[in-house]
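Here the structure is laid out as structure tokens; the discussion comes afterwards.
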Amino acid sequence: MRLIPQPKNCDDLFLPDLCALHMVFVVVIIAELAAFVIALAPLDTPITQRWESLGMISLYVQWCALGSCTVLCIVRPWLCGMSNIRAGIISYVLILLVIIGVTELAYWLVYRVGYEYSLNWHWQFLARNVAIGALISGPILRYFYVQNQWRRKVQAESEARLQALQSRIRPHFLFNSMNTIASLVHAEPEQAEAAVENLADLFRASLSDARARIPLEEELALCRHYLEIEALRLGDRLQQQWRVEVLPADALVPPLLLQPLLENAVYHGIEPLTDGGTIEIDGNLQDGVIEIRIRNPLNSQSTRSQGNRIALDNIRQRLAALYGKQGNLHVDSDEHHYTTTIRFPFQTTAHEDSDR
96 MRLIPQPKNC
106 DDLFLPDLCA
116 LHMVFVVVII
126 AELAAFVIAL
136 APLDTPITQR
146 WESLGMISLY
156 VQWCALGSCT
166 VLCIVRPWLC
176 GMSNIRAGII
186 SYVLILLVII
196 GVTELAYWLV
206 YRVGYEYSLN
216 WHWQFLARNV
226 AIGALISGPI
236 LRYFYVQNQW
246 RRKVQAESEA
256 RLQALQSRIR
266 PHFLFNSMNT
276 IASLVHAEPE
286 QAEAAVENLA
296 DLFRASLSDA
306 RARIPLEEEL
316 ALCRHYLEIE
326 ALRLGDRLQQ
336 QWRVEVLPAD
346 ALVPPLLLQP
356 LLENAVYHGI
366 EPLTDGGTIE
376 IDGNLQDGVI
386 EIRIRNPLNS
396 QSTRSQGNRI
406 ALDNIRQRLA
416 ALYGKQGNLH
426 VDSDEHHYTT
436 TIRFPFQTTA
446 HEDSDR
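Start counting at 1 in the sequence shown, then tack on 95, and there's your number in the working numbering.
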């Protein structure tokens, strides 16, 4: 949740989103810790007096912290178009200006009451607070910058890893599909054309950005295209049962998340069986978690298990990189069936925008 909506082109800005409520909470905690240090640090002041002054110091520090958050939140869209160095300098100056403003306000409303005006003490009070603010805010901004660089490095490594994983998703049925299409060109040209279009959709998805998201209904459509291609080759040996009506069509998922599981179901379950079998696809949504289960007949004498493990490990790594602990893949089997269950959080464009 944000206090002020932010543009989407601020990902490269080192400054965190201080408009987000969770960041405001973090700033409040840090400010209060700083107030404790400032109030309790002087050793030449009685401990009771230090505790008495803690409330006033906390109030002052919180005003400085929240005022800085507000200003940086307002100017963030403007800072997004600058380099990090320039944005950092401007942010630093703005924080000091906020500290000066709060200090002056505190002096004239609190400390000036009941005392005669002293220019010397006034300047000492202002200079001390600005110096403390400069010493605290400088390292904090530097920390934000280092954290941003580290986060971008991790993100780049994650994107490269995801791209490498997705680049390995090249359906092994390519040559079989091309042979099937070649056999249909003269006898069934319309089926051959439809198969070519389906194959093009699958490979277009496999070459897309690894971090891209597509609606779940598009991913399910890709799965149907794949099974349509295989049905041309396997005929009645390949039967399908789809029970995915409850799944949200607008849920965002990475492309080709489910298709490799169906590919395994065909390659390891249907092809080795003389009579073929039925692939069952079931979907469920509960407590914000999408669950999709793919069940196929099991051929206990199949020698293709190695490729199956590689594909499943690939998908597990993609889920871990994209969803962390919220995404997982579970495999179960008995004497007659092999079941793969995949779970991941229900996310839409609205969900993603609200979390940024």
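Glycine residues also receive a C-beta, built at the ideal position from the N, C-alpha and C atoms.
The C-alpha of A134 is placed about 55 Å away from the C-alpha of P350. No Cβ-Cβ contact shorter than 8 Å links T436 with S428. Secondary structure note for T198: its alpha helix (DSSP H) is the uninterrupted segment N179 to A201. Per DSSP, the continuous alpha helix (DSSP H) segment holding Y321 begins and ends at L311 to L329.
Setting aside the 5 residues that flank it on each side, Q336 is surrounded in the same chain by T373, I374, E375 and I376, each with a C-beta closer than 8 Å to its C-beta; the list follows chain order. A straight-line Cα-Cα distance of about 13 Å links Y321 and Q334. Q412 is not a Cβ neighbour of P440, given a cutoff of 8 Å. Shown here for M151: same chain residues with a beta carbon closer than 8 Å to its own, the five before and five after excluded, namely V205 in chain order. Remark: fewer than three beta-carbon pairs, one from each stretch, lie closer than 8 Å, so the stretch 167 to 182 and the stretch 217 to 225 are not flagged as touching. With contacts defined as CB atoms closer than 8 Å, R332 and G364 fail to qualify as a contacting pair. Apart from the 5 residues on each side of it in sequence, I227 sits with its Cβ closer than 8 Å to the Cβ of I133 in its chain, given in chain order. In the same chain as E323, and ignoring 5 residues on each side of it, the C-beta atoms closer than 8 Å to its own belong to A289, A290 and N293, in chain order. Contact between the stretch 230 to 242 and the stretch 177 to 190 is established, with three or more Cβ pairs separated by less than 8 Å.
Between L368 and A326, the alpha-carbon positions lie close to 15 Å from each other. Secondary structure note for P392: its beta strand (DSSP E) is the uninterrupted segment V384 to P392. Taking a C-beta distance under 8 Å as the contact criterion, I190 and V225 do not qualify as a contact pair. With distances taken between CA atoms, E313 lies nearest to L347 out of L347, A222 and P355.
Using a 10 angstroms sphere on the CB of S163, the tally of other CB atoms reaches 16 or more, which defines it as buried. Listed as beta-bridge partners of S428 by DSSP are Y433.
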